[in-house]
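Structure first, then comments.
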Amino acid sequence: MNNGANTDSGGLGSLSGFAQIVDASVLARAQRGDMQAFATLYVQFGRPCYGLALRLTGNAAHAEDLVQEVFLKLIDSIRSYRGDAPFGAWLKRMTANATVDQLRRNKRFVDADPEAMFAASEACATNSAQKLDAAALLQRLPPRARAVVVLHELEGYTHTEIAKLFGQSESYSKSILARGLQRLHAAATPDAEA
Amino acid sequence: MPTIESQPTPETTAILRQIVAAQPEPAADLWARIEVAHDVRVRWRRWRRLAGGGVLGLALVGAFLLHGTQPMTSAPERGTEIDWQARAQALELQLLAIEHDDHLPIATAAAFRTDPATSELAEIDRRLQAVYEHKSDANQLVPLWKRRSELLDTLIAARKEQLTLIRI
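Just so you know, the protein sequences line up as chains X and V, in that order.
If you count the first sequence from 1, position 44 lands on 44 in this note's numbering, and the numbers rise without skipping.
If you count the second sequence from 1, position 61 lands on 1061 in this note's numbering, and the numbers rise without skipping.
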């Protein structure tokens, strides 16, 4: 696990809820297997984990499954947490990794050709109500582009980290991000889109 | 692929801010579901461990029953009547179950060589292989399988001790 990058270091990432201080005694109890301590960690971080998984997958049921998967993994692996990175950053990375792994298992997501990816998502129609809904605008992006935008713009991942996560090059990540942002901008400004 | 330099526009930034500030709530019963899933997993692991122990128990009972039906013989002869091969295989399954269920690290080749029990185990495996390959005297097999069982007993005891230490 890469604990080196504290992805809560600034920008919009600091709003996502992972940049919270965890009580050392709660962590110590969790590391001894105390389920009450895990419940406390869930109260603190369940929502940020769910929010990230939902932004990446765009599906509430999948996001809940991912939160469950992440917390079960946390229960198994918290003894290996040594405090090298803030706990929230560590948990965020677990959530992002689990979500991207799940997305990569999805056939739609595997399509690595940006042209095909963006062309396919053109077909998704939006109505005026959706234009007002930021989350719906994000959902208009193809899954991979959405993931790149969320991880880079909201969670503070670098292109190097994203490239590693997706098994692609940095220039690929940059290109997907640029096109994703252009698409978001076009969707947010109907005049420009028309 | 050409790289396009791009920064979010103010409109895009506003959308992103809205998205990150939304903080959607998961279902209220999600933690309860996680606890149930955790309990199920713990029970399943216990069951697997018990099943591993059960296989060993059955192998031992089988060996002892077999032994009990034989006429009384001297101690060295009795030793040869236990199915050491079956016992060694049952012990190996039990060891694998312990290592798998508790995510114990798999020994590296170097660790395998330096651990006295595992290095002797590897040596015995080589000798067993040689006996089978060269179709040598089958009587050579019994002491090898017996020694293998003894070493696996030692390894299982060591693994259990390691588990206890981890759980403190």
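For each residue, glycine too, the CB sits at the ideal point set by N, CA and C.
Asked	Found
Hey, how far is the Cα of tyrosine 157 of chain X from the Cα of alanine 1122 of chain V?	46 angstroms
Looking at glutamate 170 of chain X: is its Cβ nearer than 7 angstroms to the Cβ of alanine 163 of chain X?	yes
What's the gap between the Cα of arginine 1127 of chain V and the Cα of leucine 1144 of chain V?	8 angstroms
Helix, strand or coil for tyrosine 1132 of chain V per DSSP?	helix
Just checking: is the beta-carbon of leucine 74 of chain X within a distance shorter than 7 angstroms of some beta-carbon in chain V?	no
Kindly indicate which residue of X:Pro86, X:Ile21, X:Arg144 has the alpha-carbon position closest to the one of threonine 40 of chain X.	X:Ile21
Looking at the structure shown, is proline 86 of chain X part of a helix, part of a strand, or coil, going by DSSP?	coil
With isoleucine 1015 of chain V as the anchor, note down where its alpha helix (DSSP H) starts and where it stops.	1010-1021
Closest to glutamate 1120 of chain V by C-alpha separation, out of V:Val1036, V:Thr1009, V:Lys1146, V:Leu1096, would be which residue?	V:Lys1146
For the region 1020-1038 of chain V and the region 60-69 of chain X, state whether three or more C-beta atom pairs, one from each stretch, are separated by less than 8 angstroms.	yes
Quick one: what's got a C-beta closer than 7 angstroms to valine 148 of chain X's C-beta in the same chain, skipping five residues either side?	Ile162, Ser173, Ile176, Leu177, Gly180
If we count the other Cβ atoms within 10 Å of its Cβ and call it buried at 16 or more, is histidine 1134 of chain V buried or exposed?	exposed
Is there a Cβ of chain X sitting closer than 7 angstroms to that of glutamate 1011 of chain V, yes or no?	yes
So that I know if they touch, is there some Cβ in chain X lying closer than 7 angstroms to that of valine 1020 of chain V?	yes
Can you list, in chain order, the residues of its chain whose CB lies under 6 angstroms from that of alanine 98 of chain X, leaving out five sequence neighbours each side?	Leu66, Glu69, Val70
Between isoleucine 1098 of chain V and chain X, is the shortest Cβ-Cβ distance under 7 angstroms, so that the two count as touching?	no
Below 8 angstroms on the Cβ atoms is my contact criterion, and I expect methionine 94 of chain X with leucine 72 of chain X to pass it. Report the Cβ-Cβ distance as a whole number of Å.	At roughly 11 angstroms, the Cβ-Cβ gap does not stay under 8 angstroms, so methionine 94 of chain X and leucine 72 of chain X are not in contact.
Would you mind sorting leucine 1050 of chain V into buried or exposed? The rule is 16 or more other CB atoms within 10 Å of its CB.	exposed
At a CB-CB cut-off below 7 angstroms, which residues of chain X make contact with isoleucine 1015 of chain V?	Ala134, Leu137, Leu184, Ala188
Would you list, in chain order, the members of the region 1025-1040 of chain V that have their beta-carbon closer than 9 angstroms to a beta-carbon of chain X?	Glu1025, Pro1026, Ala1027, Leu1030, Trp1031, Arg1033, Ile1034, Glu1035, Ala1037, His1038
Given a cut-off of 7 angstroms, decide if alanine 30 of chain X and alanine 19 of chain X are closer than it, judged by their beta-carbon atoms.	no
Buried or exposed for lysine 1160 of chain V, please, with buried defined as at least 16 other CB atoms from any protein chain shown within 10 angstroms of its CB.	exposed
Less than 7 angstroms between the beta carbons of alanine 188 of chain X and glutamate 1011 of chain V, yes or no?	yes
Which two residues bound the contiguous alpha helix (DSSP H) that contains proline 142 of chain X?	Where proline 142 of chain X is concerned, there is no enclosing alpha helix (DSSP H), given that its DSSP letter is neither H nor E.
Which residues in chain V have a C-beta closer than 7 angstroms to the C-beta of serine 16 of chain X? List them in chain order.	Val1020
Residues of the region 43-57 of chain X in Cβ contact with chain V at a cutoff of 7 angstroms, in chain order, please.	Gly46, Arg47, Tyr50, Gly51, Leu54, Arg55
Measuring CB to CB, does arginine 146 of chain X end up less than 7 angstroms from leucine 138 of chain X?	yes
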